[in-house]
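Line order of the protein sequences matches chains A and B.
Start counting the first sequence at -14; every next residue gets the next number (my numbering).
Start counting the second sequence at 20; every next residue gets the next number (my numbering).
The beta-carbon is built from N, C-alpha and C at its ideal position, and this holds for glycine as well.
Each remark here refers to the structure printed beneath this line.
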Amino acid sequence: MSVAGKAQIGRRRLLEGLVAAAGIAVTAAAAFEAPRFFAPRYAPSAFDDLLAKLPDRQSAIRIGAAFLAGGKSFDANGTATALRRRLAATSLATAMNNDLRESRMVEAHGWVLPETLGDLCALAAKAG
Amino acid sequence: MDARSVPAGSTIETDLAIIGGGPAGISLALALAGQPIRMLLLESGGMHFDAATQRLYEGAETGVRYIPLEATRLRYLGGCSNHWGGWCRPLDPVDFEKREWWPYSGWPFARSAIEPYYARAQALVEAGPFVYDNSRKWTDALGAPVRLEAGGLYTTWFQFSKQRGSVLPTHFGERYADELKRIDALDVFLNANVTGLRLASNGSQLDRLDVATLAGNRFAVKPKFAVVATGGIETPRLLLASSDVMPHGVGNANDLVGRFFADHPIPGQTATLVIFDGRIAPYYQLIQSAQGTNFRAAFAPGDAFRRARGVPGALATVEGEVQLDGIGQAALAETAGAFGIDASSMRAFTLGCGMELAPDPERRLTLAGEKDALGMPRLKLDMRVSDEDFAHYRNTLKELGRQLLAARTGMIRLLHRSRAEWLSVLDWGNHHMGTTRMHDDPRQGVVDANLKVHGVGNLYIAGSAAFPTYGASNPTLNLIALVLRLADHLKGRLR
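Spelled out as structure tokens, the structure:
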């Protein structure tokens, strides 16, 4: 085996190694970015600041649709204004606690929910 | 004794005639044992089920679907205790109160009037020590009750009649037949159907009872006092059919007999209960045994909540485990997520219930034209449930949902909203109540606070027919306590 032959094998291996490394990097990046890439995308809405407080927007849309299907009139903009005021200085969990303490509950497909959560879900459904 | 062997046309004299050998009649006879009086207990059936006797119960039903009248009762010694489930729970104090928001409500006395009789009633139903809501001493070992935020509902307790092998509960005929035989002053006539309450010509006293058997012989019983203990359906039938002196029937001068019929609607699936951490003590779902009693937990609205919110009694039981559908999973994810709760171990169950109906004079039993084999007019039931009855129960469950969420324990889905949805799951408890209601005022009740028929000096009615309002508790324990109170009253009158 000549020295030149050794040098040729070394370059091939180096190239193979670089290709493999690049493949791993691409795969890793894809795996890292996939959830974001495949996650539902929502059109911007006037309620995004409020909807960001929801733990799971897809679930919220589903509940909100059921809530709206209950037939009660729902003023989205008025509700959003009231929610912004309510949630300005308090967390969603605290606002829900306050609802329960004051018996402010709503129903979505029969599920008994704190009013704030029900309203947020309804906004999520309106925003789509 | 077998009434079929009594010579036709004869008259038997006695101090006290008890008409009906169910839990009320048997409890009354046992309570009066040892008194210096002669007693006669007249039971339509024998010791066992007989189809021909049972057919005497046939009738017609209109309105909301109800159990056929011949299937909702049993006509042999022991009566309805031959098919009861053994569920026992005392009525709540609020059940006795007159409530302004609850038309026709109010007993003529408070629960304290029958309180002294509960322990003996409990012994008769063989449900162990009288514990109920003082139950923590035997439940702690099995796990804590479901944590609820302070509010409308709380965990309450049923106790159950004694278990014999795999058989629940006490069947009064079978259980007490020997004890009845041992009472010297008592004659029990089986196969003895009372077909008429014959009043003296001025209507103020019961003169005699007409008795008939399916074998064809008829005879009379002439008692000093009589107690009708034939249940919430047959009692008004007998009173209404006895119209020779009082044209509208005995005790019916004010057209109240047969009105206000009630039972407990017991829809099997009314809500879905989610417990976030999946942990629920076994006594919610299944009967448990400890310290000499069988018990099971339920959720009930407390008296203060009922007064404040104007809701009737209700008892919600935890039933089978269920899987959540897509929207249920969404509701759980969103709610638990918003509260920062780990609900990965959650479990879901259906809630059953027993609910109290509002007293309704139009929910009533009347005589039909058709007659039975003994010539007695059959009954027609007009069954009703109002939308408000369902709405009240829904509001109660909603409060339970609030308390569960506020305690971070769980959440609730109410399964039914429309009347059609409720009616599709409706079942009944076979608890016949209210048709000869108790009230101090003869214009508002058939019997007075001592269970004496207004205007008739020596005729009484024992049993849940006298309940003016019903509560949500199963009636057997309560009606026996009421009967034991009647026994004390009769001891005074029979001396």
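Taking 9 Å as the cut-off, the beta carbon of Asp41 of chain A is found closer than this to the beta carbon of Gly356 of chain B. Residue pairing by DSSP puts Gln178 of chain B in a beta bridge opposite B:Cys107, B:Phe314. Chain B places a beta carbon closer than 9 Å to that of Ser44 of chain A, counting this residue as a contact. Per DSSP, Trp120 of chain B has no beta-bridge partner at all. Secondary structure note for Ala70 of chain B: its alpha helix (DSSP H) is the uninterrupted segment 70 to 73. Beta-bridge pairing by DSSP links Ser308 of chain B to B:Asn313. From the beta-carbon of Met430 of chain B, the residues of chain A found nearer than 9 Å are Trp96, Val97, Leu98. Cβ neighbours of Lys117 of chain B within its own chain (closer than 7 Å, five residues either side excluded): Ser124, Gly125. For Glu62 of chain B, the secondary structure class from DSSP, reduced to helix, strand or coil, is coil. The criterion of a C-beta distance shorter than 9 Å is satisfied by Gly41 of chain B and Thr249 of chain B.
The beta carbon of Leu85 of chain A lies closer than 7 Å to those of Pro99 in the same chain, with the five residues before and after it left out. Three or more beta-carbon pairs drawn from the stretch 503 to 514 of chain B and the stretch 49 to 58 of chain B are found closer than 8 Å, and the two stretches are therefore classed as touching. By DSSP's assignment, Trp441 of chain B forms no beta bridge with any residue. For Ile202 of chain B, there is no enclosing alpha helix (DSSP H), as DSSP marks it with neither H nor E. For Leu172 of chain B, DSSP records a beta bridge to B:Pro320.
With distances taken between CA atoms, Pro461 of chain B lies nearest to B:Asp274 out of B:Leu88, B:Trp103, B:Asp274.
Sequence-distant Cβ neighbours of Asn449 of chain B in its own chain, meaning closer than 8 Å and more than five residues away, are Ile86, Thr91, Arg92, Cys99, His102, Trp103, Asp282. Only those residues of the stretch 273 to 302 of chain B whose C-beta falls short of 7 Å from the nearest C-beta of chain A would be listed, and there are none. Using a Cβ-Cβ distance cut-off of 8 Å, the stretch 361 to 375 of chain B and the stretch 278 to 292 of chain B are in contact, since at least three pairs of beta carbons, one from each stretch, lie closer than that value.
Ser46 of chain B places its beta carbon 9 Å or farther from that of Leu442 of chain B. At a cut-off of 9 Å, the C-beta of Ala78 of chain A has a neighbouring C-beta in chain B. Annotation for Asp34 of chain B: the continuous beta strand (DSSP E) segment containing it runs 30 to 38. Thr369 of chain B has B:Thr291 as its beta-bridge partners, per DSSP.
About 48 Å separates the CB atoms of Met90 of chain A and Arg194 of chain B; that is not less than 8 Å, and the two are not in contact. Sorting B:Gln141, B:Arg456, B:Leu233 by C-alpha distance to the C-alpha of Phe179 of chain B places B:Gln141 at the top.
In this structure, B:Met265 is the residue among B:Leu205, B:Asp401, B:Leu161, B:Met265 with its C-alpha nearest to the C-alpha of Leu218 of chain B. Close to Leu85 of chain A, with beta-carbon spacing below 8 Å, are these residues of chain B in chain order: Glu168, Arg421, Leu424, Ala425. Non-local beta-carbon contacts of His94 of chain A in its own chain, meaning distances under 7 Å to residues more than five positions away in sequence, involve Ala51 in chain order. Selection B:Pro242, B:Ala129, B:Tyr95, B:Asp152 evaluated against Asn210 of chain B yields B:Tyr95 as nearest (Cα-Cα). Straight-line spacing of the CA atoms in Leu59 of chain B and Thr254 of chain B works out to 18 Å.
Judged by DSSP in its simplified three-state form, Asp21 of chain B adopts strand.
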